[in-house]
Structure formats: structure tokens, C-alpha cells
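Chains as they are written, first to last, in the numbering used here: chain A, 1 to 424; chain B, 425 to 1254.
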């Protein structure tokens, strides 16, 4: 892309300085929303733009904003900056290098639902970003863009950063709310949904950092402009976090619908040593593995097309696995992660991830029997559709998909095929 | 009227109120959907995933709003792609729930398999084994085989004291959070919580002392595995060895329904032994709960200090005599006396009290209640009307609590009144210092010790209302229903009499008499004070003088000498003292004749609660050899005097009482044994509400009707406010009630030792500074006619210039009074 829309710091030096950001049109969108648009109009533009949540679920952003009932007050906006999906590192770059665009998006969202307080929940490891954002928020306060009666309007807004304590589950929006309230980070039962009873049981919009960074250009340029990018159902642009066996890992801002091939080979420079690509994880650790055949490589990366591959786009953290990777090993890695991060609230996730780790460790240690592969698959399958939140449901995707599509990798790890023990 | 919803569960139709959860709807038609984390007394959380069912809903045409039908005319159903948790899903019209399909059966087996992967399966040594929901549901729905390698099981600490009363076995815990939620939501003591995550999630206690809650034992009942056990019961017995006996708690006027579990033990010489006390469901009294005093405070009945033979004084010592001789001696003395004074304590049963009354009245004696509280005659006429239930009070009701630290005086009432307030009842709390009820009160008002009656008078019609009280008075006056509870915080007989009269007058003036969920409740100091009032026993202002002047003092279940040196001195001068008790109390030491009484656990009887619910208890243990029930002792004395007093059976005594006392007309043991189905349905032969002791087949008791309120009580003359004041250099010493007091029926329960109230004076730190004393220091208190050394304890909630003294701690105080505080060490030595 010639000129970036989200990663503008790559084109404009020092855009992380408020002066510079404003010189390049920064806060014009916020000023426009505040001065010339009713909150409902802001929501309508975002609805019309077709912007969908960039945190993973892909839920239409404008619709989410529209759910907040005007009968219950106050409303809150929470920016989900927990970015803890393995392989995802896009929000970090946006917040570190183009922080004001994100903050402006957050402020527009807050105006749209008439929230007077917005929180930025960051993973604990992002403490230096929290510090940076605190400075930027102070700059905004000093510039009269935050506080009471902003820009001469009757609207007041304050922003706060809040650090998590190092739990993947706190990226799940209801666990995030619990943590933000000072409680143990465990997901809540839904319904009620956060739009009705979120932070402190008040209507709350929770948006991913990247989602919010999309909002200022949409308000500034209009919904139609945004729809010029991407596909009809998945319009717009997306930052793809590329990692794994590629020559040039990193963040790439592309329109939705770009193909894997384009991302991996054109932008990512292909596989080191010219080795063959074996599989792709499109949504970080929470991915069903996609065997990387030609059809897959030419699949457009958008919310709909990936479903056709039995996978999902998620937060678009594309991890490339080449022919040297054993998929049982990969499943062991992801399962260890999910077991470590399972909050323990619901039985299938707490016990299932724990059990799967034992089986996978046995397999990788070469001490398993073939029947263990089926046991593993059975354990994963019986977790399916029983978990309280997406962590447990997603934890089984790498396991089930690799057993189904790369069984040979498992067989290579197990000892001799199972024989019944001889009874005397 | 709540909307009613009809749905179908496995081909059976059921109609339930809107908002009912599938799991509860199913239970009403005998379909027990298995659960672990769900508990009908708490909001669902859907954590354990045990209750997964298939749920279909009718497809509604969006334009017409009509249900679509298939070719056969049946409503078209749409089933959700995933199983749903029956514990979190409310019913909806036309819903179709399937609980017996292969998919559901698979889900149950699979969730149980998950639960068992890291459960230690140590059932043979587990206290819960035999009444364990996990064990039961595994037998019912679980896999017969384990696919998990047993030696890969996680191992965690197995003996973790959360406090000295409750132990955690971390391996057994299935992390259902019932205990955590109970403490937070129901007990309002969020002193335990989860720490860490995943399989290492563990219950920890945050409080000092550990698990600091008077309701802690309930968590062991509702724990669906053997993770939480009580220090009292753990490793004590197996559930199948236990026999249950229905009983009633005798520690406070709530009258919690109990089950006493007993078994025979060879090491006790083949005797029956109490192994534990558990709540017995009574949704109108204690629901499913019990405070820790009721649960753990029974050990006095098994004390080896219990009296087993009648004793007669011979000079300085005692001589054991047989019962016939003892009764004969008592009869002789009573027969020869012109002035019999019978002093009874409120832990006696109605039958005991009624017989004492019969004997005493026949001899022209005086029936005296050992109590600092008045108003039992008024609660009998203006008390809580039949059909009242704290558990159903909500928006329409105003509850006024005055002069009571309810959390300490009657924990279950505190819990239920808090819940009524949470349901929307207007709670008004009047007390000189903050209490645990304030948090839930719409209006929480303070007065100074001594101003009780004047304060209450503000609620009388036409009274002049101080500005600070206006909102509370208006809220009280405008409520549809009105309940007033009064206690004995800082007050004695004189003030409580005026307080009760004022309260009765307030209710009478508003016409809130005899109407359900209206009335006057006394937070009595003992379990059956109301029964004693009903039997004609009255507390006296001049007790010492009355005892001193008596020819014969017959004292049952009371220890005046232990409480007050003045009463001890009086008894030293009484001509002849007969004591019926379990122990050699200070009073018994001054007796001429001591008659060993049976404990409540060894006999039958009935008690009248503060809500005037008549309830019966059953024998749990065979009687101690040599001890007799009080009613039979009295009948024995009466027989020797040729008086007709029934002593053969408690049931027969109640029959006489029913004939003689109008409030008890028609009461029989059969009626008290009646039960009806209670909601939530619990303790049926299901597989998941463990703790079989919840069952109540033995009686819910009967609420007594009110006696006719012949004339509205005379609103008393407004008392001069500040009847008592401390002078310069003095403290205003106020008696208060602590749950863990120093009473003779609690001290023998050594388990509670750490929590027993100190013999201390509680001061505000500022007051302590003024007197130059520090926490833990020993000081001398000099009151009216007494002087003793006590410790200093600090509490910021005590008003300035006031010292709190716990009743039964040995400080002889019935009402707030001035006292001098002296340091016992010089400042230079301190």
C-alpha cells in the first residue's frame, strides 16, 4: 500500500507527537464528530462503513455501539489492549508509534455512546506502553481535547490506562471487565452482554485497539471511502501480523481480501531457504491449521473466505509453518499455552487442556501408543461446545485440525502401533 | 402476579413462573438435572457444565408473531447448535427441553470424566463419601472406566486450614465457587476467594483470623465434594453410620431447625455420641443455613462435668442422694414455705416452664424469668402475625431494628433481614453504634445510650420528629407492612419495657396488628424467652431482694450468681435454694439441693421462637444416667405435694398447656410434626444436594396466633432523654451481646475457644487515649456495688466516652450505667 491508513508512522515521522499528528489532520475527525454530528450519526457512519471488530470476533463495530441502551447510565468504553494472542503484535505497534490515532478513535467511540470515561486495558507486559499513553493522555488534557467541555462543547471525557497482571484470559472481554473491576480475571456468563451490563454492570462498549484506530479515518473520509477497501462483507483495511517461517516477519497493512500468497511471498519474502510451506495459522494460537496448498494460498484473507477453509481470520496473526515443523509438536506448544492460561472457571477447559498436555507430552517424548492419538482427539472433541468462553473452545482447534490433517506427524512420533497386552 | 410459562421437558408439560430456570422447572416434575456449581439459593454461574441439555424454542414468524407450524401442525422448533446449561437458562413459552438424549448423556459422562481426571478419588477416606454429589453423579452418569493415567494426577495440599473451623482439601475441590459465592452473596463475609488459575485455582482465606465468618460451616454443607470439612466433623464418622435426629437450636430466639447426627461408639463404652450438627430445611426459619454457634456450640451436652446424681448440701460439702429422697426434700421445703420464688432461664422448654408454673402457682409462688428484657406480653398481642415470613418480605415492608446488634444476637435473622432489604424492603436501623446491618439499611440512625425510648417515640403518630429522623419516619409510616425488632443493646428491663410499649403503640396506631408480615419481634437473649413469657414468667427489677426474701428459691437453667455478685450474695442469704441444671454453676454452689437436668439433646420438648413459631425437638441421644428432664423433675416434686402436674411425657404436658393457655390452644406434637413441600426442593432422594441432613420430615412448627389486643397499649410518657450519663472521669458502660459469649452452654465447645468474647471493656481508641490506657492492658472497673479487673480492647465503632461490656463475660451489668475506670499499673511502669 502506498500510503498507510493505520500504520501512518511508517510514512510520517514523529506522528506520535501531538503537534505532528494534528498537522496531518489529527483530531479533525473528533472535532467533526463533536461539533457537527449527533452521537447517533457517528454510529451510523461506522455502521455504514462496515467496520468489523479487529480483535478476532469480527463483530460489526457500529452495531455494537448501537446496542447500548439509553435508559441505563453511565456508559463506558473500554479499549482492549490486552493483545495476548500468540503471534499478534499489531496493537503494540499502533499504540507505540501512532498512539493518537488510536486515542482519537477511542474518544470518538466514547462520544458516540456518550461515555464520560474510557479505559484502556493493557496486558501487564505493556507497562511501557501504558506509561507512554499516560503521557499522550496528559498532552491531550493539556491541549483541551480531554476533560470537561471539550472544544467548547458540553461533552466531557476522561481516559485511563489500566494494566492487567499477565493473564491471556483477560483479553476475553468479560474477563477483562472483571479484571478491570479489580476482581479475579474470569469470564462472565452471557447474557447479559457487556453492551447492556458491562463495566460495573453499566452499558459498555469494548473495542480492540486496531478497531478504534480505524475510526478517525472513517469519520474523516466517510463510510463510502472506507468501503473502497476490502470486500463487500469484509470491507476495509487490516494489519496482518506475520510470523513463523518467513523471511520478513512483521506487521503488514493490507486491504481485507488480500491472499495468503501475497502476504507471505510478496510482503513476507517467502520461506527461509526456499523450503516448502506446510501449514498456516491465521489466528495465532487459536487457529485451526490450514494445510498450505495452492488453493489455500490463493484464498482471500477475509472473515468469510477463511470459514470455507475450516478456519477463521481472528486477529489476523498469520503464523507460517514450513515443511520442517512437526504438527504434533506444534499442537503440544499451543496446548501447553492454553493449559497455562486456562482460568479454571469451567470444567472442560480446566481439566481438558490439562489432560491434553499429558497426552501430547507422551507423544512428543516418543512414549505414546497410536491409541493415544485417538484419545487426544476424543478429549479435544468432548471439550467442544461445552466451554464457558472462547479460550477453551479455541484451545482444541490446533489439536483437532492437526490430528485430522497431519496424522502422519503424530504417527511419526508414536512408538510401535498398539498391541493388546498379553494376559497370562 | 408473575406471568406463568408452560414448557415441555422430555414429553412432560410443566407450568412455572416466568424467570424460573430450566433446572428448577425440571425439578418440580421430578427430573433432577445434575448440577455441581448451581445452588438454588444463589445466582447461577454456569461454571461446571454438568447441567447441559438440549433446548429447542418455537420458531416465530417475524411479521405475524405467530409460532410457525410444520405439516403435522406441531410447532416448528429450532434447537440451538450447542447444548445449553439448564442452570443459567430461564424457561420460555413453548420451550422444549431434552434431558435424556444420547447427546445429553454423552455430555454428562464427558463432564464427569473431566472432573474425575484430577480428582483424587479418595472416597474411602473422605468425609463426604456416602453423601457426595460427585460420587453420586459419577455412579449415576459417569464413565465406568478411567482413561486418564492415574499417576499423572495432579497432587495438591490436602490439609489446608482456612481457619481453625474449616479445612480445605485442594485436590478434592472442583472449583464450583459455591463457598466463595455463599460467603460473598449470602453471608456478606467475602473472606474467602479464588487465588491463581487453571487447575491450580485454589480457595484461600483473606481474613485474620482465617475464615472469619459466623456462617462458615454452611460452606461445608454446600460443598459438592469433600473439599471443605469442618474441624468438628472431619475424620469423625462416615455418613452412613449416622442416625439423624430432628432438633431445634437452643442458643438464640431464631429457633433454627437442626439435625443432630449421632452414632454409637465403642470407645465411648457403646454410648451414643453426637458427631455433627447440621441445618434442617425450614424455609420460614433458617432456610438451609445455620450459624457456627448453633453448629459447633453443642459440646456442652457431652461434657464430663455434667451432673448425674441429685446432691444435697451437708455442711461445706455435698452428699449424693437418690431421686426419691431429693424430690421428697424439695417437696417438703416447698410445701412448708410461704414464699416460693421460681426463677427460670429461657433455654427451658415450654413443657418445663409450664410445669414450673403449675407447681409455683399452686403454691402461691412467683414465676420469675431470668432476663434483662421485657415486652413478652406485648409480643404475644402485637407480635408477628400468622403467615409472616422474613423470607418473603420485600418492597412492601419496612423493617425497623432498634437497640440490637442483630448479626451477633440472632445471626439468621440478620441474614434474612439483610436479604429482605436486598429484595427492596425498607430497613431502618436505630442503634448507638454501627452494626453489620447498617450496610443494608435505607436509614441508619444513631442515638446515645440511654435515649432509646425517646428515639423510638419519634415514630409515634403525631410525635415531634427530629430533622435527622424525618426521612426514616416518613419511609416507615408510608410502608404497607411494618415490622419492629428490638433487642437489648445497652438497655435493661426498664428501658426495654418502654421500648416495647412504644413499638407496640406505633404498630397499633398504624393498624399493623394481626396482619401477615407485620408485628413486633423481641430479639430475646435466650431461645425460649417468649415461651416463658407465655407461661407467665416475668423478669423482675428487684431480683436480688426477691431472692433474698424467698423461703425457697427454685432455680432452673439460670445462673444468676455467676453473672452478678449481688445476686450471688442474695442467694447466700436465701433460706433454701433448689437448683435444676446440667452443671455445678456458681448458683448451684449456693444451693441446698441440686437436681441434675437432661440436656435438650436427650429429650423431647417444644420451644417458642422470637417469631412465635412453636417448634418441637426430638431426642437425639439417650439421657445421661441419673439426669431427668426439667418438666419431669417438677412433676415429681408436685406429686410429692399431691399436686396434679403431668410428668409422664412432654407431649402430654403440651396438651395441658394447650388447654390452659389460649395462645397455645389446639397445639399438639402431631401438629408440630406436620410438613409441606418446601421450595427450593432439596434433600430429596436426588443425587446432588449432598448433606442428607437437610431433610425435614419431622415438622415445620406452627406459628402461634396473637392474643386479642384488648386495648391499645398506653403510649408511655416520653422518658427524659439521657437517663444515664457518665460523670467526669467516668465511662458509660453499656452491656452488649456477642454471639460467642461466655455462657455455660458455649464455653465447653473448645473448638470456638479462639472466638469467645474476652472479659474486656471495649473502648474507642480516643476514649482509651483520654484515660491513658492501651489495648491489652488490665484495668479496674468500679461500678455500682462491684469492682473487677478486665482487659482493655479497642474498637473504633464504640462511641466516645462509652465502654462496651459483653453480657455473660462476668461484668455485672444489666443496663448502661456509669463506671469508673482505674489504671492498675502506673504510667511509668507501663
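The beta carbon of each residue, even a glycine, is placed where N, CA and C say it ideally should be. Small disclaimer: the values here were computed from a predicted structure and weren't measured.
Verify the CB distance criterion: does residue i have a CB-CB separation below 7 Å to chain A?
i	result
residue 512 of chain B	yes
residue 1254 of chain B	Legend: pLDDT at residue 1254 of chain B = 46, less than 50; position of this residue unreliable, no value from coordinates given.
residue 564 of chain B	no
residue 506 of chain B	yes
residue 884 of chain B	no
residue 623 of chain B	yes
residue 618 of chain B	yes
residue 1190 of chain B	no
So, for residue i: in the same chain, excluding its five sequence neighbours on each side, which residues have a beta-carbon less than 6 Å away from its beta-carbon?
i	result
residue 170 of chain A	82, 164, 176, 179 and 185
residue 418 of chain A	Note on residue 418 of chain A: pLDDT 49, under 50, position unreliable in the model; the coordinate value appears next. Counting only Cβ-Cβ distances below 6 Å, and skipping sequence neighbours, we find 369, 370 and 371.
residue 641 of chain B	654, 716 and 719
Of all the CB atoms in chain B, is at least one closer than 7 Å to the CB of residue i?
i	result
residue 334 of chain A	no
residue 127 of chain A	no
residue 385 of chain A	yes
In angstroms with no decimal places, state the Cα-to-Cα distance between residue i and residue j.
i	j	result
residue 878 of chain B	residue 1153 of chain B	26 Å
residue 1236 of chain B	residue 735 of chain B	28 Å
residue 1227 of chain B	residue 889 of chain B	29 Å
residue 862 of chain B	residue 868 of chain B	6 Å
residue 406 of chain A	residue 533 of chain B	29 Å
residue 394 of chain A	residue 627 of chain B	27 Å
residue 856 of chain B	residue 1174 of chain B	32 Å
residue 443 of chain B	residue 458 of chain B	20 Å
residue 558 of chain B	residue 543 of chain B	10 Å
residue 1254 of chain B	residue 1189 of chain B	The predicted position of residue 1254 of chain B is uncertain, since its pLDDT is 46 and thus under 50; no value can be drawn from it.
residue 208 of chain A	residue 385 of chain A	25 Å
residue 1085 of chain B	residue 702 of chain B	33 Å
residue 529 of chain B	residue 61 of chain A	39 Å
residue 1043 of chain B	residue 73 of chain A	58 Å
residue 936 of chain B	residue 807 of chain B	10 Å
residue 1248 of chain B	residue 1199 of chain B	14 Å
residue 958 of chain B	residue 1205 of chain B	37 Å
Can you tell me where the alpha helix (DSSP H) holding residue i begins and where it ends?
i	result
residue 965 of chain B	Counting along the chain, residue 965 of chain B falls outside any alpha helix (DSSP H), and DSSP gives it neither H nor E.
residue 49 of chain A	39-49
residue 338 of chain A	327-341
For residue i, collect the residues of the same chain with a Cβ closer than 8 Å to its Cβ; drop the 5 residues on either side in sequence, then sort them by chain order.
i	result
residue 359 of chain A	368, 372, 375, 376 and 379
residue 257 of chain A	230, 231, 234, 300, 301, 302 and 305
residue 660 of chain B	551, 699 and 700
residue 1224 of chain B	1188, 1190 and 1191
Given 6 Å as the limit, tell me if residue i has its C-beta closer than that to any heavy atom belonging to the ligand PLP.
i	result
residue 102 of chain A	No copy of the ligand PLP occurs in the structure displayed, which carries no ligand at all.
Find the residues of chain A that neighbour residue i, judging by a C-beta separation of less than 7 Å, and give them in chain order.
i	result
residue 519 of chain B	Going along chain A, no residue has its Cβ under 7 Å from residue 519 of chain B, so there is no contact; the nearest lies around 16 Å.
residue 576 of chain B	358
residue 538 of chain B	347, 348, 351 and 352
residue 469 of chain B	189
residue 571 of chain B	375
Which same chain residues end up closer than 7 Å to residue i when comparing Cβ atoms and leaving out the 5 residues on each side of it in sequence?
i	result
residue 783 of chain B	1058, 1061, 1062, 1067 and 1069
residue 927 of chain B	880, 908, 910 and 944
Using a cut-off of 9 Å between C-beta atoms, extract the partners of residue i located in chain A.
i	result
residue 661 of chain B	Residues of chain A passing the Cβ test: none, with the nearest at roughly 30 Å.
Just to make sure I have the definition right: I need the residues of chain B whose C-beta is within less than 7 Å of the C-beta of residue i. Which are they?
i	result
residue 382 of chain A	534
In terms of residue numbering, what span does the beta strand (DSSP E) encompassing residue i cover?
i	result
residue 519 of chain B	Here residue 519 of chain B belongs to no beta strand (DSSP E), and DSSP marks it neither H nor E.
residue 79 of chain A	76-81
residue 163 of chain A	158-163
residue 1005 of chain B	1000-1005
Give the residues of chain A in contact with residue i, contact being defined as C-beta atoms less than 8 Å apart.
i	result
residue 541 of chain B	351, 354 and 355
residue 472 of chain B	346 and 347
Answer with yes or no whether the minimum CB distance from residue i to chain C is below 7 Å.
i	result
residue 599 of chain B	Structure shown: chain C not included; protein chains present are A and B.
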